[in-house]
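Notes to accompany the following structure.
There are 2 protein chains.
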Amino acid sequence: MRRLALTDLDKSVREWFVAEVKRYGCSVKIDQMGNIFAIRRGRNNDVPPIGIGSHLDTQPAGGRYDGILGVQAGLEILKILEETGTETHAPLAVINWTNEEGARFTTGMLSSAVWAGNATLQEAYDHVDSEGLTLKSELERIGFLGDVEASFEKNPLSAHFEYHIEQGPFLEDEEKSVGVVTGVQGMTWLMVNVVGRSQHCGTTPIDRRSDALLAASQMVSRVNEIAWENKGVTTVGVFRSSPQSPGTIPEEATFIVDIEHLSNDTMDQMTVSVRESIEAIAKKHGCTIKIEQTWRSAAVAFDEDCIGAVRDAAILHAGKDGFRELPAGAGHDSVNTSYKCPTSMVFIPSKNGISHHPSEYSTPEHW
Amino acid sequence: MRRLALTDLDKSVREWFVAEVKRYGCSVKIDQMGNIFAIRRGRNNDVPPIGIGSHLDTQPAGGRYDGILGVQAGLEILKILEETGTETHAPLAVINWTNEEGARFTTGMLSSAVWAGNATLQEAYDHVDSEGLTLKSELERIGFLGDVEASFEKNPLSAHFEYHIEQGPFLEDEEKSVGVVTGVQGMTWLMVNVVGRSQHCGTTPIDRRSDALLAASQMVSRVNEIAWENKGVTTVGVFRSSPQSPGTIPEEATFIVDIEHLSNDTMDQMTVSVRESIEAIAKKHGCTIKIEQTWRSAAVAFDEDCIGAVRDAAILHAGKDGFRELPAGAGHDSVNTSYKCPTSMVFIPSKNGISHHPSEYSTPEHW
């Protein structure tokens, strides 16, 4: 699955989603970030709706479950409530959050962040993709630039639940059907730019070089060691060098470091270590560097009552040995909603722990 | 200077070159590789011409001297011979060799190789650039697909001299005006493809990954150590990974290793070490690899008589302390001509030893 945010494919799935929820009697609200709220009325419509949200955008070479399953789960709930004629206490909102992946406009969970006040509308609108197209113009182009203010204050929720694949190995390893998610680990992104000196590769002795790619490679390797030393994770997923010529020592390399940990303190300490290591390696190679922190999402703990609701349901359906509690390793829109309303998540096992890859899979018995 | 082979800019400079040499009374032969031979008749036109050749194509972000100076030197010689009405013993050929840099069609010295029988015409025509355009169709498009067979046998030279910037630091360091080039170091290119497993970066523990970019980074670092250990040079100038997403562990990385040494034996030994190291690192990361040797140009020794002619001229113009003998670190079309006719080269100093970069410079007093 390759459905990058606000592309023609994203437009199609959004139009399908809107048509589906209307079949189940929902009204549709679209906010200034293109977030879609499908509202099903309850007995008490003065109470803000209870949200069931996730995202329909994917990685460049992603799977068919990450995000999508959570929105589909919302549709399934709407369908069953309609078929059984069930009226709920509060209204429900099934939500598709825009640009969760941050694959096209490179801040993850961007539109729930604006809704939660963790990013400004202007910051979000300033994002451009690799072709130079802005997020706002793309929202407009596909017809999903709504007029509802993207904020909790103007468009509140009573709670937010998100159903998601684990994207990791623990549930499968321990043969659990359900994960009760207690919080989310923190994430920091550093954008690193290394500049050396482009020279002819055959004639420049090995001791007289300032090779930006070599320096960057050693940085990538050191960044990995820092993860092992701190029992966290670090990843370099974006990496580019120039010029791309077999006869020329690379002048420049740019990469993004992702640093994640359950403890904000450890994450921040890892970030300092990464910066210091990169500076030391650059110095050794005579390269200049720029390091910019482009994103930081603090580790969060979910709401005890919401965790309890998920735990009770897990015991009911999977038995008391059929689930485990665990923190989420990845960022989710629920991180942002947790700043504004009680939140928790439900995980199901991922085959081989794989996600962000076409082989991503979860069995129907766990859906 | 960014004048990649067979682009519109290359077409312009070729048309300019043809117009210039016609002003000096030359006839023009264009062969099947687009190599341009500007022939000035001598007293004995049964003798094959003495060639003065280099190239007008450049690196993606190159300088204004590499290659260009050698063709300009040929024009300067034509101009002076015409102005002074000088008749030479043999005819002269001022030559522009096609795609020397190998930056667009990624084999360096490609068209002199076909002329020398070191590559077949078909191999050369099969080259495609990064957009999928073939070398042959681009030759045709810019009007430089000639009908002279690209071979020494059908289009012979009596000798080949090439005037070139050193592209290294030695002449400048030792305050010499001229380098008498005794031969060229050998070069081997390996194309390496590393495949790991694309997974979500936040949820995949650090001990359960198969990260192609991390593995490739460690390979780049190890390849550099092999240069130090063997007193040669190695460079990774082309490097790409995918997918490019900050949230995903890279599945694939591809890079080109350039290995160079004055001794063919040591070069081949270094190539074995590079292969073994890459295999070991891939194994450690659970990655699969493909390694393909895409090019090997053996170290060559130039002709003693041609070296002697350059040495005599150097003593005459720079004095016996004004020059030094040295091997060339880079590949040149003269490597190919040396297989077919007596060959040598003349070097002049490069400022700070820099080449393949816009700051490449040599002073007019050395031209």
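Just so you know, the protein sequences line up as chains A and L, in that order.
Take 5 as the starting number for the first sequence in the working numbering and just add one per residue.
Take 5 as the starting number for the second sequence in the working numbering and just add one per residue.
The beta-carbon is built from N, C-alpha and C at its ideal position, and this holds for glycine as well.
As the structure is a computational prediction, the values presented were derived from the model and not from experiment.
{"Item": "Rounded to the nearest angstrom, what separates G55 (chain A) and C205 (chain L) at their Cα positions?", "Value": "27 Å"}
{"Item": "Starting from I260 (chain L), trace the alpha helix (DSSP H) both ways and give me its first and last residue.", "Value": "No alpha helix (DSSP H) holds I260 (chain L); the beta strand (DSSP E) holding it covers 256–265."}
{"Item": "So, with DSSP's three-state summary, where would you put D61 (chain L)?", "Value": "coil"}
{"Item": "Assign H361 (chain A) to buried or exposed, taking buried as 16 or more other Cβ atoms, counted over all protein chains shown, within 10 Å of its Cβ.", "Value": "buried"}
{"Item": "With a threshold of 16 other CB atoms inside 10 Å of the CB of L194 (chain L), please say whether the residue is buried or exposed.", "Value": "buried"}
{"Item": "Pick from A:I230, A:I293, A:A305: whose alpha carbon is nearest that of Q273 (chain A)?", "Value": "A:I230"}
{"Item": "Could you work out which residue in A:A257, A:Q76, A:K355 is closest to G57 (chain A) when comparing CA atoms only?", "Value": "A:Q76"}
{"Item": "Under 8 Å between C-beta atoms, does A97 (chain L) make it to chain A?", "Value": "no"}
{"Item": "State whether the stretch 168–187 of chain A contacts the stretch 347–362 of chain A, with contact taken as three or more CB pairs (one from each stretch) at a distance under 8 Å.", "Value": "yes"}
{"Item": "Of all the CB atoms in chain A, is at least one closer than 8 Å to the CB of N103 (chain L)?", "Value": "no"}
{"Item": "Out of A:C345, A:I260, A:N48, point me to the one whose CA is closest to T92 (chain A)'s CA.", "Value": "A:N48"}
{"Item": "What does M191 (chain L) touch in chain A if you count any residue whose Cβ is under 8 Å from its own?", "Value": "G206"}
{"Item": "Which chain A residues sit within Cβ distance under 7 Å of G71 (chain L)?", "Value": "Within 7 Å Cβ-Cβ: nothing; G71 (chain L) doesn't reach chain A, min ~11 Å."}
{"Item": "Please classify H321 (chain L): is it buried, with 16 or more other beta-carbons within 10 angstroms of its beta-carbon, or exposed?", "Value": "exposed"}
{"Item": "Quick one: Cα of K83 (chain L) to Cα of V98 (chain L), how far?", "Value": "12 Å"}
{"Item": "Nearest-angstrom Cα distance between A163 (chain A) and S202 (chain A)?", "Value": "55 Å"}
{"Item": "Give the residues from the stretch 208–221 of chain L that approach chain A closer than 9 Å (Cβ to any Cβ), ordered along the chain.", "Value": "T208, P209, I210, D211, R212, R213, D215, L217, L218, A220, S221"}
{"Item": "Counting only beta-carbon separations shorter than 8 Å, does T239 (chain A) have a partner in chain L?", "Value": "yes"}
{"Item": "Excluding the five sequence neighbours on either side, which residues of its own chain have a C-beta within less than 6 Å of the C-beta of E296 (chain A), listed in chain order?", "Value": "M195"}
{"Item": "From the DSSP output, in three-state form, read off G78 (chain A) for me.", "Value": "helix"}
{"Item": "To the nearest whole angstrom, what separates the beta carbons of M223 (chain L) and S281 (chain L), a pair I think is in contact under 8 Å?", "Value": "7 Å"}
{"Item": "Which residues mark the beginning and the end of the alpha helix (DSSP H) in which G312 (chain L) is found?", "Value": "308–322"}
{"Item": "Please list the segments of the beta strand (DSSP E) lying wholly inside the stretch 279–310 of chain L, counting only runs of 3 or more residues, in order along the chain.", "Value": "292–301"}
{"Item": "Are the beta-carbon atoms of V314 (chain L) and V339 (chain L) separated by less than 8 Å?", "Value": "no"}
{"Item": "Is DSSP giving H93 (chain A) helix, strand or coil here?", "Value": "coil"}
{"Item": "Anything in chain L within Cβ reach of N228 (chain A), meaning under 7 Å, just list it in chain order.", "Value": "L218"}
{"Item": "Helix, strand or coil: how does DSSP classify Y69 (chain L) here?", "Value": "coil"}
{"Item": "Got a sec: is the Cβ-Cβ distance from E91 (chain L) to anything in chain A below 8 Å?", "Value": "no"}
{"Item": "Could you tell me the alpha carbon to alpha carbon distance between P209 (chain L) and K235 (chain A), rounded to whole angstroms?", "Value": "9 Å"}
{"Item": "Expressed to the nearest angstrom, what Euclidean distance is found between the alpha-carbon atoms of Y365 (chain L) and G71 (chain L)?", "Value": "13 Å"}
{"Item": "So the candidates are A:Q63, A:G38, A:F21, A:P52; which of them puts its Cα closest to the Cα of R7 (chain A)?", "Value": "A:Q63"}
{"Item": "Mapping the DSSP letters down to three states, classify I146 (chain L) as helix, strand or coil.", "Value": "coil"}
{"Item": "Looking at D262 (chain A) and M191 (chain A), is the spacing between their C-beta atoms short of 8 Å?", "Value": "yes"}
{"Item": "Does the CB of E264 (chain A) have a neighbour CB from chain L at under 8 Å?", "Value": "yes"}
{"Item": "To the nearest angstrom, how far is the alpha carbon of K355 (chain A) from that of T207 (chain L)?", "Value": "13 Å"}
{"Item": "My assumption, with CB atoms under 8 Å, is that N103 (chain L) sits in contact with R18 (chain L). Please give the rounded CB distance.", "Value": "With 8 Å as the limit, N103 (chain L) and R18 (chain L) do not qualify as a contact, their Cβ atoms being about 12 Å apart."}
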